[in-house]
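S.K.: Residue numbering for the sequence shown follows the working numbering, beginning at 197 and increasing consecutively.
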Amino acid sequence: MSKYIEPRLRRDFGGVITAYFDFLKGDHKNIFKVFITYNFIFIIILFLTNYLSSSGLDALVALSSGTYMDQAMAGSLETSLAASIISAIVNLLVILLNASLAGVYLRLYERDRSNNPNSKEVFYFAKNKLGGMFLILFIGGIALIPVTIVSVIAAIIPIIGILFVFPIIMISYFTWLGMSMFSYAYDENLDAVAALGKGWEMLFSKYWKAIGVSFVSTILIYLTSILFQLVPGLIIGFYAFNSPEDNLELQDNIFIKAVEFFFYAINSITGIFAFFLIMLVMGFLYFNLHETKYNVFLRNRISKLGVEDAE
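#1: So, is I474 buried or exposed, given that buried needs 16 or more other C-beta atoms within 10 angstroms?
#2: Does the region 412-427 come close enough to the region 462-477 to have 3 or more Cβ pairs within less than 8 Å?
#3: Note down the Cα distance separating Y200 from R309, rounded to an integer number of angstroms.
#4: Kindly indicate which residue of I498, A295, F236 and V361 has the alpha-carbon position closest to the one of S379.
#5: So the candidates are A351, S347, I282 and Y234; which of them puts its Cα closest to the Cα of L244?
#6: CA-CA distance, G374 and G210?
#7: Which of the three DSSP states, helix, strand or coil, is assigned to E165?
#8: Mapping DSSP to helix, strand and coil, what is Y369?
#9: Below 8 Å CB to CB, which residues in the same chain sit around L326 once its five sequence neighbours on both sides are set aside?
#10: Would you mind working out which of P354, E384 and Y305 sits nearest N324, comparing C-alpha positions?
#11: By Cβ distance, which residues of its chain are closer than 8 Å to F451, with the 5 residues on each side in sequence left out?
#12: Looking only at C-alpha atoms, which of A454, V230 and G467 sits nearest to I432?
#13: On the criterion of 16 or more Cβ atoms from any shown chain inside 10 Å, does T414 qualify as buried, or is it exposed?
#14: As a quick exercise: from M478, F472, Y369 and A339, pick the residue whose alpha carbon is nearest that of Y234.
#15: For the alpha helix (DSSP H) that K489 lies in, which residues bound it at each end?
#16: Examine chain C for any beta-carbon lying closer than 7 Å to the beta-carbon of L373, and answer yes or no.
#17: Quick check: the Cα distance between L340 and I349, rounded to an integer number of angstroms?
#18: May I ask which residues mark the beginning and end of the alpha helix (DSSP H) holding V348?
#19: Spatial neighbours of L485 within its chain, please: CB distance less than 7 Å, with the 5 preceding and 5 following residues excluded, ordered by chain position.
#20: Could you pull the start and end residues of the alpha helix (DSSP H) that I432 belongs to?
#21: I need the straight-line Cα distance from M183 to V412, nearest angstrom please.
#22: Can you give the beta carbon distance from A470 to A381, rounded, assuming they're within the 8 Å contact cut?
#23: Run through DSSP, which three-state label would R303 get?
#24: Are V212 and V343 touching if we call contact CB-CB under 7 Å?
#25: Tell me which residue opens and which closes the alpha helix (DSSP H) that S315 is part of.
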């Protein structure tokens, strides 16, 4: 069994990322178990809605039954629109749930100082955080309006604006929101509005470290996610390049359709899982910044050593 990785230690930039990936390496099976257990229904729904919004199932059905093209396209657009709306709602629920799961998971991991927190206990505490998590997202959505305006204005500045100022503003915003969501899920005594203030405080306690860790770890996670999503496309490309069939025949090819289904399945899983992993990153970042600022964990260790010496 892998050893417990203490998330509250003071670490440098690279140390935070290293500790996070050590934590993933030691607890990856249980992390994925918690994720898949409580996201399975959402994954199925997103798989279906993504496929419908992209393929336009009504168009295929209508054309095969001899319906005129304009009617087929109208049906396809209606299906795509409905699927997109459902997908947006499900994605909102996914964000609320996985942000709560990540915060509670690390709370129990730290509390028990051991791997494999109980999945049922994680969900028991996480479901009580969904309402407040929605409030954080709602306020964060309102805050995105001025952030976007400032970002667009900054992007007008030649070179510096588009390459540096704009990305820094957006990374800062998402880091603040991510740590706010984590702190709310993690701290049983923190309300939603106070969590937004806590995330802001932690962001500017070590600003460059905060956005640096957030940016690098997010890029690494999403690059890995994208690599998984590229596999079906590479398979289709290789098959099409070496196939004697023309484009029309390839569109009806059973193997191609099976790989396309596989692509939508992989896309539905990796997108949600990447967000869940990023929220765990926000946890390690939050712990590190909080300890750097307040030394709570270090003081507790020193006080316990004093008690043990006295005994």
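Just so you know, even glycine gets a beta-carbon here, dropped at the ideal spot from N, CA and C.
M.R.: According to the structure shown:
#1: buried
#2: yes
#3: 6 Å
#4: A295
#5: Closest by C-alpha distance to L244, out of A351, S347, I282 and Y234, is I282.
#6: 20 Å
#7: Because the chain in this structure spans residues 197 to 507, residue 165 falls outside the shown range and cannot be described.
#8: helix
#9: L292, L293 and S296
#10: E384
#11: Y435
#12: Comparing Cα positions, the closest option is A454.
#13: buried
#14: For the set M478, F472, Y369 and A339, the Cα lying nearest the Cα of Y234 is the one of F472.
#15: I450 to Y490 is the extent of the alpha helix (DSSP H) around K489.
#16: You won't find chain C in this structure, because it holds only one protein chain.
#17: 14 Å
#18: L326 to A351
#19: M398, S401, K402 and A406
#20: Y403 to N438
#21: Lying before the first or after the last residue shown, residue 183 is absent from the chain, which here runs from 197 to 507.
#22: In fact, because the Cβ distance is near 18 Å, the residues do not count as touching under 8 Å.
#23: helix
#24: no
#25: S315 to A322
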